[in-house]
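Since the structure comes first, as structure tokens, the remarks are kept for the end.
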Amino acid sequence: MRRDLTLETDLPHPPADVWRALTDPAALSEWLMPVHGFAPVVGQRFQLRAKPMPGWDGVIEAKVLEAEEPYRLAYSWKASRMRSATTVRWTLTALPDAAGTRLRLDHQGFEGPSGALLAFMHRGGWRKLVTRRLASHLAPHAGAAGPRKPV
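Going by this note's numbering, the sequence shown opens with residue 2, and the numbers climb by one from there.
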């Protein structure tokens, strides 16, 4: 059985600023985790490296699958504990009256018996990363207080 997760939040920042936070290696390293070799170019392979934990070396292997500035970014995502690569897809939609950006994250493809557990673990991690760390990273750039309406 396959498990997927979705997270959506409104950010009081224009799509160009959110896109930059999702695609600039220095920005990604600040709010997500250290990134090595990333460029928003289809086919680009890169790594994300976190602090190793028991059962995980801290490395995520990834490859850009889609990049349409400033609306869509997708990449494969495979940690050593995962049977196969999953897909992380970011969709940015401008809110009416320049009110900001609706950011949607779809992380798809958690499979097998451990898929439910991995999806559960990733859901909590993504929620914290998007609604707290990404929002905090963006806040100084536009003087905003953070995200609105996490779903």
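Built from N, CA and C at the ideal position, the CB exists for glycine as well. Since the model is a prediction, treat every value here as computed from it, not as a measurement.
Exercise for review: Look at the alpha carbon of residue 3 and the alpha carbon of residue 110, and state the distance between them as a whole number of angstroms.
Suggested key: Residue mapping note: residue 3 aligns to position 2 of the sequence shown, counting from 1. Residue mapping note: residue 110 aligns to position 109 of the sequence shown, counting from 1. Looking at the two C-alpha atoms, the distance is approximately 6 Å.
**Study point:** Exposure of residue 27, with buried meaning 16 or more beta-carbon neighbours within 10 Å
**Key:** Within the sequence shown, the letter at position 26 stands for residue 27. The residue is exposed, with fewer than 16 neighbouring Cβ atoms inside 10 Å.
Point to revise | Close-in-space but distant-in-sequence residues of the same chain around residue 127 (CB under 8 Å, 5 per side omitted) | key: Position 126 of the sequence shown, counted from the start, is the residue given in the question as residue 127. Apart from sequence neighbours up to five positions away, the residues of its chain that approach residue 127 with a beta-carbon distance below 8 Å are 6, 8, 106 and 108, ordered along the chain.
Check your understanding: residue 23 and residue 91: beta carbons closer than 8 Å?
Key -> Residue mapping note: residue 23 aligns to position 22 of the sequence shown, counting from 1. Residue mapping note: residue 91 aligns to position 90 of the sequence shown, counting from 1. Yes.
**Study point:** Local Cβ density within 10 Å of residue 152, reported as buried at 16 or more and exposed below that
**Key:** For the purposes of this step, residue 152 is taken as the residue at position 151 of the sequence shown. At residue 152, the pLDDT of 44 sits below 50, so the modelled position is not reliable and the matter cannot be decided from this model.
Review point. When DSSP builds the beta bridges, which residues end up paired with residue 7?
Key: Counting from 1 along the sequence shown, the entry for residue 7 is found at position 6. Per DSSP, 107.
**Study point:** Contact set for residue 99: own chain, Cβ-Cβ below 8 Å, skip 5 residues either direction
**Key:** What you label residue 99 is simply residue 98 of the sequence shown in a count that begins at 1. Excluding positions up to five away in sequence, the list reads 15.
**Study point:** Residue of 59, 72 and 76 minimising C-alpha distance to residue 66
**Key:** Start at 1 with the first residue of the sequence shown, and residue 66 comes out as number 65. That would be 76, whose Cα lies nearest to the Cα of residue 66.
**Study point:** Where the alpha helix (DSSP H) through residue 180 begins and ends
**Key:** Nothing about residue 180 can be read from this structure; the chain reaches only from 2 to 152.
Exercise for review: Give me whichever residues DSSP pairs with residue 75 in a beta bridge.
Suggested key: Residue mapping note: residue 75 aligns to position 74 of the sequence shown, counting from 1. Residue 75 is bridged by DSSP to 67 and 90.
Exercise for review: For residue 127, write down the residues that DSSP places opposite it in a beta bridge.
Suggested key: Along the sequence shown, read from residue 1 onward, the residue named residue 127 stands at position 126. Residue 127 pairs with nothing; no bridge assigned.
Practice item. For residue 49, write down the residues that DSSP places opposite it in a beta bridge. Key: Residue mapping note: residue 49 aligns to position 48 of the sequence shown, counting from 1. Per DSSP, 36 and 61.
Review point. Which class does residue 95 belong to by DSSP, given the choice of helix, strand or coil?
Key: As a first step, residue 95 must be located in the sequence shown, where it is residue number 94. DSSP places residue 95 in strand when its eight states are reduced to three.
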